[in-house]
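A.B. asks: If you scroll down you'll find the structure; I have some questions about it.
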């Protein structure tokens, strides 16, 4: 099915396409009028002096919706550009809601990954909570409950954000190990399935060690202090114990661990852990570990290719407790194939019995390149959306009743029910790295395959992103140029 857009001027596309996609998730959007299109959407925008004129017509079969608006503009320059963008999105949002007879997005005109950044910018300017809630609802069309949730989370993670002076001195490090023992049904990550440790892993680790050495020298030269280290992937716990130890020792050699207060290792698959490996991680300073069941339903675990059972998860949590690593995070995914409210409730009840310090609740994103998307396509983007949304809200309410507080939030494209991913923590157990990563108020140096680096300028909180190749071979081949770019960008900030 095709939805044809006719936009004047053409640059309107960047303002409207996400709202249109949310409204018609099964349609292919094209930027020209096609004779065989099923839906036609025409939008025109004209600025004349201090006035902005917008007109649109949406035709779906015999049903036609039209809307015209005139907005006064009393500002100049960049501020006016931002206001024109906002008014355009509000206009299109209202048209789409009118045509479909429903609210197309509980986040109103906000379609980005990190909506909390907007709230922190207003808090930086001295806006009150009442002012922020009013702006979210009136100027950005958010539903009141969503606006209140964003304000609550911003208040919970605000104390962790650094001043400009602190942000100039502190960094975090992300280490990406792009290997897994198998590929999950919903995963689009193009990292390697590890079948031969020596052949696949050893060349990658040689490149990673080189990257640690070069960036370690640069970090020391600039006098920066590492606050958090996060080992992600892939599945970093797939590393052999001697390789884990040598990498930690190399980080210590370059004094990258001396000021660290939080070290996280993702160990999503319990089959990659043993008691001796856990004891090693504890001895190396790891104080937070992620054991991610996604669901506690054995049938679903087999379907999505996780390679473990609910019993394996329970046993591994107990081993972590026995070893003494103080913080456990557990990820849940709402919207997995074949699951509904009964499964969500049962999974949550089992997780709460384990009492992890952190619980991260994800809504399934049907990502291009995953086997799930190939098998079922865009259909999953709205199918059972109501039940997914109900499940997310039930879990959020229940977790807060059990003393877990939401402390970070992000959104993804192609999420079921157009909801969000939220991290919850028991009091005093928030993950500092997650907050810094999501709010983008600290430079994060990404090392390894698929690692993203964020270079933050504290003078205006502007951001430059740099991503390493996810494929291990491509990472190794492009390492010299990637290293040069990272060093240049880090030195440019100091």
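Numbering (this note's numbering), first residue to last: 4 to 497. Glycine included, every Cβ here is placed at the ideal spot set by N, Cα and C.
Please state whether the Cβ-Cβ distance between residue 85 and residue 71 is less than 8 Å.
C.D. replies: No, they are not a contact pair.
A.B. asks: Three-state secondary structure (DSSP) at residue 334?
C.D. replies: strand
A.B. asks: So what does DSSP say about residue 251, is it helix, strand or coil?
C.D. replies: helix
A.B. asks: Figure out for me which residue from 246, 413, 350 and 436 has the closest Cα to the Cα of residue 401.
C.D. replies: 350
A.B. asks: What are the boundary residues of the beta strand (DSSP E) that includes residue 85?
C.D. replies: Run containing residue 85: none in the beta strand (DSSP E); it sits in the alpha helix (DSSP H), 80–103.
A.B. asks: For the candidate residues 440, 241 and 218, whose alpha-carbon lies nearest to that of residue 411?
C.D. replies: 440
A.B. asks: Can you check the segment 99–185 for any alpha helix (DSSP H) of at least 4 residues that lies completely inside it and give the ranges in chain order?
C.D. replies: 119–127, 132–141, 147–160 and 167–172
A.B. asks: Roughly how many whole angstroms lie between the Cα atoms of residue 125 and residue 164?
C.D. replies: Each residue's Cα considered, the two are about 14 Å apart.
A.B. asks: Compute the distance between the beta-carbons of residue 263 and residue 292, then report whether it is under 8 Å.
C.D. replies: no
A.B. asks: So, for residue 287: in the same chain, excluding its five sequence neighbours on each side, which residues have a beta-carbon less than 6 Å away from its beta-carbon?
C.D. replies: 251
A.B. asks: What does the Cβ neighbour count give for residue 334, buried or exposed, with the cut at 16 atoms within 10 Å?
C.D. replies: Residue environment: residue 334 is assigned as buried (16 or more neighbouring CB atoms within 10 Å of its CB, all protein chains considered).
A.B. asks: Span of the alpha helix (DSSP H) holding residue 530?
C.D. replies: Because the chain is modelled from 4 through 497, residue 530 falls outside the range shown and cannot be assessed.
A.B. asks: Kindly give me the distance between the Cβ atoms of residue 42 and residue 90, rounded to whole angstroms, as I take these residues to be in contact under 8 Å.
C.D. replies: Residue 42 to residue 90, Cβ: 24 Å. No contact.
A.B. asks: According to DSSP, is residue 25 part of a helix, a strand, or is it coil?
C.D. replies: helix
A.B. asks: Around the Cβ of residue 18, are there at least 16 other Cβ atoms within 10 angstroms (buried) or fewer (exposed)?
C.D. replies: buried
A.B. asks: Where does residue 300 land, buried or exposed, given buried means 16+ other C-beta within 10 angstroms?
C.D. replies: buried
A.B. asks: Whether or not the segment 66–83 and the segment 123–141 are in contact is what I'm after, with contact meaning three or more pairs of Cβ atoms, one per stretch, closer than 8 Å; do they touch?
C.D. replies: no
A.B. asks: Taking the alpha helix (DSSP H) that residue 484 belongs to, which residues open and close that run?
C.D. replies: 482–495
A.B. asks: Going by the beta-carbon positions, is the gap between residue 267 and residue 413 smaller than 8 Å?
C.D. replies: no
A.B. asks: With the cut-off set at 8 Å, would you say residue 331 and residue 316 are in Cβ contact?
C.D. replies: no
A.B. asks: Among 352, 259 and 319, which one has its Cα closest to the Cα of residue 450?
C.D. replies: 259
A.B. asks: Mapping DSSP to helix, strand and coil, what is residue 361?
C.D. replies: strand
A.B. asks: Give me the Cα-Cα distance between residue 372 and residue 195, rounded to the nearest whole angstrom.
C.D. replies: Model confidence at residue 372 stands at a pLDDT of 45, short of 50, so the residue's coordinates are unreliable; what they give is reported in the following sentence. So the alpha carbons of these two residues sit roughly 14 Å apart.
A.B. asks: Determine the direct distance from the alpha carbon of residue 289 to that of residue 176, and round the result to whole angstroms.
C.D. replies: 14 Å
A.B. asks: Tell me which residues share the same chain as residue 45 and place their Cβ nearer than 6 Å to its Cβ, disregarding the 5 neighbours each side in the sequence.
C.D. replies: Closer than 6 Å at the Cβ level, and outside the excluded window around residue 45, lie 9 and 60.
A.B. asks: Which value, in whole angstroms, describes the spacing of the CA atoms of residue 53 and residue 392?
C.D. replies: 42 Å
A.B. asks: Starting from the N-terminal side, write out each stretch of the beta strand (DSSP E) that is 3 residues or longer and does not extend beyond the segment 263–347.
C.D. replies: 265–269, 291–293 and 330–337
A.B. asks: Leaving out the 5 sequence neighbours to the left and right, which residues in its chain are closer than 6 Å to residue 438 when beta-carbon positions are compared?
C.D. replies: 160, 163 and 411
A.B. asks: So residue 228 packs on residue 173, CB below 8 Å; how close in whole Å?
C.D. replies: 5 Å
A.B. asks: In the DSSP assignment, find the alpha helix (DSSP H) that holds residue 436 and state where it starts and stops.
C.D. replies: 435–442
A.B. asks: Under the rule that 16 or more other beta-carbon atoms within 10 Å means buried, what is residue 149, buried or exposed?
C.D. replies: Buried is the call here.
A.B. asks: For residue 461, which residues of its own chain have a beta-carbon under 6 Å away from its beta-carbon, when the five flanking residues on both sides are left out?
C.D. replies: 167, 170 and 171
A.B. asks: Under a three-way DSSP split, which group does residue 74 fall into?
C.D. replies: strand
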